[in-house]
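S.K.:
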Amino acid sequence: MSPGKIVVDKLLKDLRDRPEDFSADGVVLNDKGTGYRYFLGRFPRMYAPYNMGFGLIQSYRLGRGIELWKARKHYLTSENLEKESDGG
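Every position in the sequence shown, counted from 1, becomes a number in this note's numbering once 589 is added.
(1) Helix, strand or coil: how does DSSP classify R626 here?
(2) Does DSSP put N619 in a helix, in a strand, or in coil?
(3) Does the beta-carbon of L645 have 16 or more other beta-carbons within 10 angstroms, so that it is buried, or is it exposed?
(4) Taking just the CA atoms, how far does Y664 sit from D598?
(5) Quick one: residues in its chain with C-beta nearer than 8 Å to the C-beta of A536, no 5 flanking neighbours on either side, listed in chain order?
(6) What's the call for F643, buried or exposed, on a 16-neighbour Cβ count within 10 Å?
(7) Are the beta-carbon atoms belonging to P592 and M641 less than 9 Å from one another?
(8) Look up G642 in the DSSP assignment and give the residues it is bridged to.
(9) Is it right to say M707 is buried, meaning 16 or more other beta carbons lie within 10 angstroms of its own, or is it exposed?
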């Protein structure tokens, strides 16, 4: 198993398990839980605490995972806003 696959598998699991620990600043995904930073531009890679590219397949998987994380985060945020506006 490639190191890129291991890192992407762990990142995708963490995005599902603790989405509140992640924030996206432009093309950078920050993981507050581990302190890792990921570049999400044209060629995604991990660049803190070390620099590692992921390759084509892992980059695609990471991109899909980020889209799902953003959608889930948006859904949870809008759900909370609806609850607040309903008074409950």
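Here a beta-carbon is modelled for each residue, glycine too, at the ideal position from N, C-alpha and C.
M.R.: This is what the structure holds:
(1) strand
(2) strand
(3) Residue burial annotation: L645 is exposed, with fewer than 16 other C-beta atoms found within 10 angstroms of its C-beta.
(4) 23 Å
(5) Because the chain in this structure spans residues 590 to 677, residue 536 falls outside the shown range and cannot be described.
(6) Classification for F643: buried.
(7) yes
(8) R634
(9) A question about residue 707 goes unanswered here, because the residues of the chain that appear run from 590 up to 677.
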